[in-house]
Amino acid sequence: MPIQENTAPAIGQQWPGQGGIYAGLSRGRDGTPDYHLIVGPELTAAAWGNAKQQAAALVIDDHADFTLPFRAEQSLLFANVPELFKKDWYWSCEQLASGPDYAWMQNFVTGDQGDYRKSYELRARAVRRLKISQNPAQA
């Protein structure tokens, strides 16, 4: 995850040179630092594995670190930038722990999350993550 030293734009605005629209700050997972979340383009509706491949293949503004969002990130996207999404279900990058044939998805109408068979074609949207640079005065 690259470190970004520039000031982030307002939520919902394009972040020049960063490959998409700024969605806000997201909490780090499992002790990792918090980060900026950037929303890339809508992908072609696809089965889960194909949607992950589409995201990984993206290169925008010389950034090739796009993925599908985690479930927590999808909640942030629903809260901060719902206008970027069709009123439909979108794949997350997370598989269902108890069922290897299932993955998590987010409803961008109600905000609900659920799981479904990976073979089902759903919408998907790529994201990328930027570490927040530490202020030298706080180091």
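Taking the numbering used here, I'd label the letters of the sequence shown as residues 219 to 357.
We put the beta carbon where it would ideally sit given N, CA and C, even for glycine.
Beyond the five residues adjoining it in sequence on each side, K305 comes within less than 8 angstroms, by CB distance, of F326, V327 in the same chain, given in chain order. Secondary structure of A226 (DSSP, three-state): coil. E301 is classed as exposed because its beta carbon has fewer than 16 other beta carbons within 10 Å across all chains shown. Excluding five sequence positions before and after R289, the CB atoms of its chain that fall closer than 8 angstroms to its own CB belong to S310, E312, W322, Q324, Q331, given in chain order. Counting only runs of at least 3 residues, the stretch 274-304 fully encloses no beta strand (DSSP E) element at all.
Between the alpha carbons of Y253 and L340 lies a gap of roughly 27 angstroms. Where R245 is concerned, there is no enclosing beta strand (DSSP E), because DSSP gives it neither an H nor an E.
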